[in-house]
Amino acid sequence: MAPERWDDDDLLFEDLAEALRATAPLAREIAEHAEDALSWQTIDEDLLQAILTFDSSLEPAAETRSDSAESRVLVFTSAPLSMELEVLHDEVVGQILPASAGEIHIETSDGAEYHLSVSESGFFELPSLPAGAIRLRCDTATGRLVTDWVQL
1 MAPERWDDDD LLFEDLAEAL RATAPLAREI AEHAEDALSW QTIDEDLLQA
51 ILTFDSSLEP AAETRSDSAE SRVLVFTSAP LSMELEVLHD EVVGQILPAS
101 AGEIHIETSD GAEYHLSVSE SGFFELPSLP AGAIRLRCDT ATGRLVTDWV
151 QL
């Protein structure tokens with residue numbers, strides 16, 4: 001590159017264009033490295049993702065039980081916490097185990113967010129929610145649990 005000759009805007013732009021052209025072969029590699037680095041932004045939450053370990057609606061016995069249409073039980077597990085939800089006709093109740101006070105953040109598929117407190121015994125009741133999938137995040141002194149999206 002020639003010595004700086006930036007007393008003219010056109011010459012400055014020519015030098016900038018030349019400098020950028022020199023980086024063109026590296027652009028894809030730089031973009032890949034940037035994508036790799038950004039993928040680590042959610043690693044903590046990904047590691048806290050709870051696994052749905054039980055869903056009563058998937059059990060063969062659920063088809064023969066007389067009250068199967070009235071309730072559904074879901075259990076999410078992520079060390080050191082687990083969350084049990086019971087979906088009833090007109091309400092959803094749950095418990096965090098081990099029992100502990102905490103906060104639950106609810107996110108709905110339409111973008112609405114709700115917050116509620118968990119009692120010392122770990123019990124909670126979800127507010128009336130719009131139809132669609134939800135995701136729950138529970139924070140206690142013991143740890144954090146984040147569920148996957150689930151249709152109640």
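For the sequence shown, our numbering assigns the number 1 to the initial residue and increments by one for each residue that follows. Even glycine gets a Cβ: it sits at the ideal position worked out from N, Cα and C.
Q. Does the beta-carbon of residue 92 have 16 or more other beta-carbons within 10 angstroms, so that it is buried, or is it exposed?
A. Counted from its first residue, the sequence shown places residue 92 at position 92. Classification of residue 92: buried, given that the 10 Å Cβ count is 16 or more.
Q: Just mark residue 53 as buried or exposed, buried being the case when its beta carbon has 16 or more other beta carbons within 10 Å.
A: For the purposes of this step, residue 53 is identified with residue 53 of the sequence shown, where counting begins at 1. Per the 10 Å Cβ criterion, exposed.
**Q.** Reference residue 96, options 111, 110, 121, 107, closest by Cα
**A.** Against the sequence shown, residue 96 aligns to sequence position 96. It is 121.
Q: Can you have a look at residue 12 and say buried or exposed, based on whether 16 or more other CB atoms are within 10 angstroms of its CB?
A: Within the sequence shown, numbered from 1, the residue matching residue 12 stands at position 12. Exposed, since its Cβ has fewer than 16 Cβ neighbours within 10 Å.
**Q.** Whether residue 112 touches residue 136 by CB criterion (9 Å)
**A.** Working through the sequence shown from its first residue, we reach residue 112 at position 112. Working through the sequence shown from its first residue, we reach residue 136 at position 136. No, Cβ-Cβ distance for residue 112 and residue 136 is not below 9 Å.
Q.
Using CA atoms only, rank isn't needed, just tell me which of 106, 107, 57, 132 is closest to residue 70.
A. As a first step, residue 70 is located in the sequence shown; it is residue number 70 there, counting from the start. Closest by alpha carbon: 57.
Q. Can you tell me where the alpha helix (DSSP H) with residue 85 in it begins and where it stops?
A. One-based indexing of the sequence shown puts residue 85 at position 85. Counting along the chain, residue 85 falls outside any alpha helix (DSSP H), though it belongs to the beta strand (DSSP E) covering 81–88.
Q: Express the C-alpha separation of residue 75 and residue 85 in angstroms, rounding to a whole number.
A: Counting from one through the sequence shown, the residue named residue 85 turns up at place 85. Counting from one through the sequence shown, the residue named residue 75 turns up at place 75. Approximately 6 Å, taken between the alpha carbons.
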